[in-house]
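Asks: First to last, the protein sequences are chains V and D.
Just so we're aligned, residue 30 is where the first sequence starts under the numbering used here, counting upward by one.
Just so we're aligned, residue 11 is where the second sequence starts under the numbering used here, counting upward by one.
Just so you know, even glycine gets a beta-carbon here, dropped at the ideal spot from N, CA and C.
Mind having a look at this structure? Questions to follow.
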Amino acid sequence: GENVEQHPSTLSVQEGDSAVIKCTYSDSASNYFPWYKQELGKRPQLIIDIRSNVGEKKDQRIAVTLNKTAKHFSLHITETQPEDSAVYFCAALDSDSSYKLIFGSGTRLLVRP
Amino acid sequence: EAGVAQSPRYKIIEKRQSVAFWCNPISGHATLYWYQQILGQGPKLLIQFQNNGVVDDSQLPKDRFSAERLKGVDSTLKIQPAKLEDSAVYLCASSPLAGGPETQYFGPGTRLLVL
């Protein structure tokens, strides 16, 4: 089955700087990779996702890149703002099963004003 | 559109007691998921329903956890008897189609504390 590793576990950046979070996955047949943002005490919210037929996807200040050969994908946040502070989870679809998402362990991002 | 609804939002019980959580998915969503999120970790899938059938319950501790989705809409997750290690947030999510890598929408979760 799929295994997802996420790094770093915590990330502190100055407001306006960029933040990068990286994930690796084990199942080469995985074809869907969403990123969720979870603020303290709130539900995970999808912020961006990518499918395996594209290498990069961008939405305003957020972008995701996918390297299928190396089996890793990354979240890039540019011009960070204090409201970007949250825990970010990557996930990968387990192709063995019924479209089960396997989540990474999360990255706590702190944007210092 | 209305989001995924869950209740209760918080629950405190003593070990060996039983507890039940309820989830109402987004209208029309065929697939429903229950996740367990332990503090500091990512969500872990417990069970997945497609309409009213179980698709994956491989990580559900079946000796104490049970879930059902009667009529393919609402779902309940039960723990009996609860253990200390069951303290977590229980998240329900739903997705539109039966199968396929569709976006999962999460509910607000039920925070369970077992004393």
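Could you tell me the alpha carbon to alpha carbon distance between V:Ala120 and D:Ile23, rounded to whole angstroms?
Replies: Against the first sequence, residue 120 of chain V aligns to sequence position 91. Against the second sequence, residue 23 of chain D aligns to sequence position 13. Each residue's alpha carbon lies about 31 Å from the other.
Asks: Cα separation between V:Pro73 and V:Phe132?
Replies: Against the first sequence, residue 73 of chain V aligns to sequence position 44. Against the first sequence, residue 132 of chain V aligns to sequence position 103. Each residue's Cα considered, the two are about 11 Å apart.
Asks: For the segment 56-99 of chain D, list the beta strand (DSSP E) runs that are entirely contained and at least 3 residues long, ordered along the chain.
Replies: As far as the segment 56-99 of chain D is concerned, its whole beta strand (DSSP E) runs of at least 3 residues are 63-66, 75-78 and 85-89.
Asks: Going by the beta-carbon positions, is the gap between D:Phe59 and D:Thr120 smaller than 9 Å?
Replies: Within the second sequence, numbered from 1, the residue matching residue 59 of chain D stands at position 49. Within the second sequence, numbered from 1, the residue matching residue 120 of chain D stands at position 110. Against a cut-off of 9 Å, the Cβ pair of D:Thr120 and D:Phe59 comes out as no contact.
Asks: Going by DSSP, what residue range makes up the beta strand (DSSP E) through V:Asp123?
Replies: Within the first sequence, residue 123 of chain V is the residue found at index 94, counting from 1. First-last of the beta strand (DSSP E) with V:Asp123: Ala115 to Asp123.
Asks: Would D:Lys54 pass as an interface residue toward chain V - the criterion being a Cβ-Cβ separation below 9 Å?
Replies: In the second sequence, the residue the question calls residue 54 of chain D occupies position 44. True, the Cβ-Cβ gap to chain V drops below 9 Å.
Asks: Taking the beta strand (DSSP E) that V:Lys129 belongs to, which residues open and close that run?
Replies: The residue you call residue 129 of chain V lines up with position 100 of the first sequence. Taken as a continuous stretch (DSSP letters only), the beta strand (DSSP E) holding V:Lys129 covers Lys129 to Phe132.
Asks: DSSP three-state call for D:Pro118: helix, strand or coil?
Replies: For this step, residue 118 of chain D is matched to residue 108 along the second sequence. Note: D:Pro118 maps to coil in three-state DSSP.
Asks: Under the DSSP definition of a beta bridge, which residues are partnered with V:Glu34?
Replies: Residue numbering aside, residue 34 of chain V sits at position 5 when the first sequence is read from its first letter. Bridge partners of V:Glu34: V:Thr53.
Asks: By the 10 Å Cβ neighbour count, where 16 or more other Cβ atoms means buried, how is V:Ser57 classified, buried or exposed?
Replies: To locate residue 57 of chain V, count along the first sequence from 1; it is residue 28. So V:Ser57 ends up on the exposed side.
Asks: Identify the contact partners of V:Leu75 in chain D, using a Cβ-Cβ distance below 9 Å as the criterion.
Replies: Residue numbering aside, residue 75 of chain V sits at position 46 when the first sequence is read from its first letter. By Cβ distance, chain D contributes Thr113, Gln114, Tyr115 and Phe116.
Asks: Please compile the residues from chain V whose C-beta is within a distance smaller than 8 Å of the C-beta of D:Gln27.
Replies: Here the question's residue 27 of chain D lines up with position 17 in the second sequence. What D:Gln27 touches in chain V: nothing, since even the nearest Cβ is about 24 Å away.
Asks: Taking any Cβ of chain D, which residues in the segment 75-90 of chain V have a Cβ under 9 Å from it, in chain order?
Replies: If the cut-off is 9 Å between Cβ atoms, the segment 75-90 of chain V has Leu75, Asp78 and Arg80 near chain D.
Asks: Below 9 Å between beta carbons: does that hold for V:Arg80 and V:Thr107?
Replies: Counting from one through the first sequence, the residue named residue 80 of chain V turns up at place 51. Counting from one through the first sequence, the residue named residue 107 of chain V turns up at place 78. Contact: no.
Asks: Between V:Tyr65 and chain D, is the shortest Cβ-Cβ distance under 9 Å, so that the two count as touching?
Replies: On the first sequence, residue 65 of chain V is found 36 positions in, with the first residue counted as 1. It does; some Cβ of chain D falls within 9 Å.
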